[in-house]
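Colleague: Going left to right, the sequence shown walks through residues -31 to -1, 1 to 52 as mature numbering (1 follows the signal peptide of the UniProt record, and there is no 0) numbers them. All C-beta atoms in this analysis are idealised placements derived from N, C-alpha and C, irrespective of residue type, glycine included.
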Amino acid sequence: METSRNNKLPAAALFLLLLVIASEMAAPVQAKECLKRTRGFRGLCFRSRRCANACRKDGFAAGGKCSGFIRRCYCRTPCAAAA
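1. Using the three-state DSSP reduction, which class does K1 fall into: helix, strand or coil?
2. Assuming the contact rule is C-beta atoms closer than 8 angstroms, R40 and F15 should be a hit. Round their C-beta distance to whole Å, please.
3. If you measure between the beta carbons of T7 and D27, is that distance less than 7 angstroms?
4. Quick one: what's got a C-beta closer than 6 angstroms to F29's C-beta in the same chain, skipping five residues either side?
5. Return helix, strand or coil for R8, following the three-state DSSP convention.
6. Can you give me the C-alpha to C-alpha distance between K1 and G33, rounded to a whole angstrom?
7. Given a cut-off of 7 angstroms, decide if C3 and C20 are closer than it, judged by their beta-carbon atoms.
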C-alpha cells in the first residue's frame, strides 16, 4: 500500500507544477497604471463616477478613481517606460 502512495506523490507534484507553469504562461501582460491628480475636480472625492468624468474632461481616457485618506480624485494613465 505504501509503494502505491509513493508512486502517486511525484505524479501529483509534477501535475501541480505543470498547472502553475501553464497558468503563468497564459496570464496576459498588463501595463502598469499610474495615477495623476486631476485639475478639474475640486473638493473631497466620494464618487468615482464624478472623478472619472472630471478626468475624461482633462483628457485622461482611462477615467479616474477616488483614493487616499483625504479622498482625492486621481486620473488613470499608463506609466511611461523607464529608459
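Modeller: Reading off the structure:
1. If DSSP states are grouped into helix, strand and coil, K1 belongs with coil.
2. That belief holds up - the Cβ atoms of R40 and F15 are roughly 6 angstroms apart, short of 8 angstroms.
3. For the 7 angstroms CB-CB criterion, T7 and D27 form a contact.
4. The beta carbon of F29 lies closer than 6 angstroms to those of C44, T46 in the same chain, with the five residues before and after it left out.
5. Per DSSP, reduced to three states, the secondary structure at R8 is coil, with no helix or strand assignment.
6. Counting only the Cα atoms, G33 lies some 15 angstroms from K1.
7. Result no, Cβ atoms of C20 and C3 do not sit closer than 7 angstroms.
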